[in-house]
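Below: one structure, written as structure tokens.
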Amino acid sequence: MIDPVLLRENPDVVKASQIARGESPETVDRALAADQARRAALTEFETLRAEQNAHSKLVAKAPKEEKQALVAQAKQLAERVKAAQAAAGEAEAEFDEALRAIGNIIVDGVPAGGEDDFVVLKTVGDIPAFDFEPRDHLELGEKLDAIDMARGAKVSGARFDFLKGIGARLELAIMNMALDKALGNGFTPLITPTLVKPEIMQGTGFLGAHADEIYRLEADDLYLTGTSEVALAGYHADEILELPDDGALRYAGWSTCYRREAGSAGKDTRGIIRVHQFNKLEMFVYTLPENAEAEHERLLGWQEEMMHALELSYRVIDTAAGDLGSSAARKYDVEAWIPTQGTYRELTSTSNCTTFQARRLGVRYRAEGGKTQPVATLNGTLATTRWIVAILETHQRSDGSVRVPDALRPYLGGLETLTPVR
RNA sequence: GGAGACGUCGCAUAGUCCGGUCGAGUGCACCACCCUGCUAAGGUGGAGUCCCCUUAUUGGGGACCGAGGGUUCAAAUCCCUCCGUCUCCGCCA
5 MIDPVLLREN PDVVKASQIA RGESPETVDR ALAADQARRA ALTEFETLRA EQNAHSKLVA
65 KAPKEEKQAL VAQAKQLAER VKAAQAAAGE AEAEFDEALR AIGNIIVDGV PAGGEDDFVV
125 LKTVGDIPAF DFEPRDHLEL GEKLDAIDMA RGAKVSGARF DFLKGIGARL ELAIMNMALD
185 KALGNGFTPL ITPTLVKPEI MQGTGFLGAH ADEIYRLEAD DLYLTGTSEV ALAGYHADEI
245 LELPDDGALR YAGWSTCYRR EAGSAGKDTR GIIRVHQFNK LEMFVYTLPE NAEAEHERLL
305 GWQEEMMHAL ELSYRVIDTA AGDLGSSAAR KYDVEAWIPT QGTYRELTST SNCTTFQARR
365 LGVRYRAEGG KTQPVATLNG TLATTRWIVA ILETHQRSDG SVRVPDALRP YLGGLETLTP
425 VR
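Set out below in structure tokens:
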């Protein structure tokens with residue numbers, strides 16, 4: 005959630021951000037009014053409670069013969085306190101709801117608008133050219149006996165797959181390569197729970213507009229996470245962190261991810277581009293708010309290094325405000341060229357959530373003078389199953405074989421070529 | 001799954017039986033100062049988190065004893081529910 009003090013003192017900043025996101029500025033006015041009401045109700049309650057506490061001490065010390073009269077008085081007070089407390093509680097809840105309806109304040113420079121209003125920051129690498137008709141990743145995957153969608157559907161339904169043989173090895177290779185990249189840059193690896201409690205899911209901001217994207221286990225009141233970001237953000241919930249000297253605590257989360265893809269009927273139905281279950285290595289950073297933007301550039305840099313290592317053509321886009329999700333203040337997507345689609349598709353995403361997530365989750369550090377302040381959190385993809393699509397299609401040859409990029413070979417036992425088996 | 005024990009301010013603990021004198025004692029760790037001369041001890045003081053009001057700082061007030069309810073004028077303390085930890089037994093690997 006945003007800083008209530010910012011809301012109170014600079015509502016125009018909040019409004020501008022909401023407008024850029026395509027939200028109504030009235031969300032801000034509503035929150036301001038709720039804040040006023042809440043503080044008035046709180047003051048009312050606290051004044052009465054102070055009176056009650058003082059009176060209570062009198063009762064305790066009073067001699068027996070006076071006690072009865074004092075207790076009678078106290079009873080009346082107690083009624084009023086109870087009412088005031090209930091009113092304050094309601095006002096608090098209303099304010100909380102109004103505040104949560106407001107998205108993170110966007111970083112200066114983020115393009116306004118919706119999904120199609122992104123800005124291309126850079127385009128890297130030549131678009132691969134083929135002197136034959138390129139096969140799509142599924143056709144290649146099937147020739148390599150690496151991807152089995154039919155059996156995935158038989159066992160689990162649409163949008164489930166088996167990665168088999170070299171397909172399974174390829175995924176592990178990419179993941180391990182990403183893990184080494186993370187380790188080399190000081191990340192601590194974490195294999196995370198993929199089932200989390202409601203308050204953690206709530207805290208990371210995933211239960212807002214896109215709640216129907218998330219699997220929920222009704223019987224146990226747990227959610228299946230769509231990214232290890234959720235568990236990684238919850239990892240330090242309600243803690244006051246001791247940040248290391250460079251100010252950043254970096255984790256690399258390895259987990260399976262689950263997504264319902266509720267609004268995606270008919271989209272990307274072929275192959276493993278959009279499936280309900282995949283694996284991902286996710287970077288997650290807790291850092292000082294003033295370092296967040298620089299850290300964001302670093303995360304993007306590491307993602308780009310992965311693209312280079314895998315010899316993929318890609319572009320980087322600055323996602324528009326309306327497409328950020330509530331927690332992010334800025335988001336860069338790295339999109340790789342997919343030859344058979346003739347377009348760039350998202351392979352990674354990195355978000356700067358500034359203090360928004362941390363405030364909700366109660367993750368703080370001690371600033372100068374010992375004051376606690378919310379930290380900034382950032383996250384970014386370092387590898388996922390989907391990358392297999394770009395790798396197969398980009399490095400395919402006319403005979404259906406696939407060249408393994410040099411950097412990936414050590415993770416496949418030195419294998420240089422994936423050879424079709426059918 | 002059965003039986004039992006427990007959850008207190010960073011850590012360790014006291015307090016809970018007999019409700020008010022407990023937002024809470026003690027030890028360790030921590031911070032400042034003093035003392036001292038040696039790889040440490042001793043002394044004094046200060047320290048929690050969140051929120052509200054007020055203030056230039058100072059200050060006042062409220063909440064928080066795993067979480068949520070209840071009883072009561074008053075709950076760390078009594079009652080209920082839930083969560084978690086530990087021990088033993090059973091079961092499955």
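Residues 5 to 426 in the numbering used here are what the first sequence spells out, letter by letter.
C-beta atoms are modelled at their ideal positions from N, C-alpha and C, and glycine is treated no differently.
Since we're looking at a predicted model, the values are computed, not measured.
Per the DSSP calculation, residue i is bridged to which residue(s)?
{"i": "G384", "result": "M287 and T354"}
{"i": "L221", "result": "L226"}
{"i": "T192", "result": "Y255"}
{"i": "P378", "result": "R368"}
{"i": "D322", "result": "V123 and Y336"}
{"i": "T421", "result": "R407"}
{"i": "L199", "result": "L228"}
{"i": "W341", "result": "Y348"}
Quick check on the burial criterion: 16 or more other C-beta atoms within 10 angstroms. Buried or exposed for residue i?
{"i": "N57", "result": "exposed"}
{"i": "T198", "result": "buried"}
{"i": "Q22", "result": "buried"}
{"i": "F360", "result": "buried"}
{"i": "P202", "result": "exposed"}
{"i": "V75", "result": "exposed"}
{"i": "D242", "result": "exposed"}
{"i": "Q400", "result": "buried"}
{"i": "I244", "result": "exposed"}
{"i": "S402", "result": "exposed"}
{"i": "R334", "result": "buried"}
{"i": "P414", "result": "exposed"}
{"i": "S268", "result": "exposed"}
{"i": "E32", "result": "Here residue 32 is Val; the residue named in the question, Glu, does not match the sequence. Buried: at least 16 other Cβ atoms inside 10 Å."}
When the Cα atoms are used, what is the spatial distance from residue i to residue j?
{"i": "T208", "j": "R364", "result": "8 angstroms"}
{"i": "A64", "j": "A91", "result": "28 angstroms"}
{"i": "T47", "j": "R84", "result": "14 angstroms"}
{"i": "D152", "j": "E119", "result": "32 angstroms"}
{"i": "G212", "j": "E70", "result": "56 angstroms"}
{"i": "L125", "j": "A54", "result": "58 angstroms"}
{"i": "T196", "j": "W306", "result": "22 angstroms"}
{"i": "V159", "j": "H312", "result": "36 angstroms"}
{"i": "T347", "j": "R278", "result": "16 angstroms"}
{"i": "A24", "j": "V17", "result": "11 angstroms"}
{"i": "G93", "j": "L396", "result": "57 angstroms"}
{"i": "G373", "j": "L187", "result": "33 angstroms"}
{"i": "D121", "j": "L328", "result": "11 angstroms"}
{"i": "G145", "j": "G171", "result": "7 angstroms"}
{"i": "T423", "j": "D130", "result": "25 angstroms"}
{"i": "I109", "j": "I321", "result": "19 angstroms"}
{"i": "R407", "j": "D135", "result": "16 angstroms"}
{"i": "E233", "j": "F288", "result": "7 angstroms"}
{"i": "T352", "j": "T385", "result": "5 angstroms"}
{"i": "L226", "j": "A157", "result": "25 angstroms"}
{"i": "T127", "j": "F99", "result": "44 angstroms"}
{"i": "K79", "j": "R43", "result": "26 angstroms"}
{"i": "Q40", "j": "L11", "result": "11 angstroms"}
{"i": "N180", "j": "R370", "result": "35 angstroms"}
{"i": "G161", "j": "E222", "result": "20 angstroms"}
Are residue i and residue j close, meaning C-beta to C-beta below 8 angstroms?
{"i": "V338", "j": "E299", "result": "no"}
{"i": "L194", "j": "G238", "result": "no"}
{"i": "T381", "j": "R368", "result": "no"}
{"i": "P115", "j": "A325", "result": "yes"}
{"i": "I218", "j": "R264", "result": "yes"}
{"i": "V200", "j": "T229", "result": "yes"}
{"i": "G169", "j": "D149", "result": "yes"}
{"i": "F164", "j": "H280", "result": "yes"}
{"i": "A387", "j": "L316", "result": "no"}
{"i": "A296", "j": "N356", "result": "yes"}
{"i": "T260", "j": "V379", "result": "no"}
{"i": "E286", "j": "L247", "result": "no"}
{"i": "N383", "j": "T421", "result": "no"}
{"i": "A102", "j": "A38", "result": "yes"}
Alpha helix (DSSP H) segments (min. 4 residues) lying fully within the stretch 117 to 172
141 to 147 and 153 to 160
Report the start-end ranges of each alpha helix (DSSP H) in the stretch 227 to 296 that is 4 residues or longer and not cut off at the edges.
233 to 239
Which whole runs of the beta strand (DSSP E) in the stretch 389 to 414 are 3 residues long or more, in chain order?
none
Enumerate, from N- to C-terminal direction, the unbroken beta strand (DSSP E) stretches of 3 or more residues contained entirely within the stretch 45 to 116.
none
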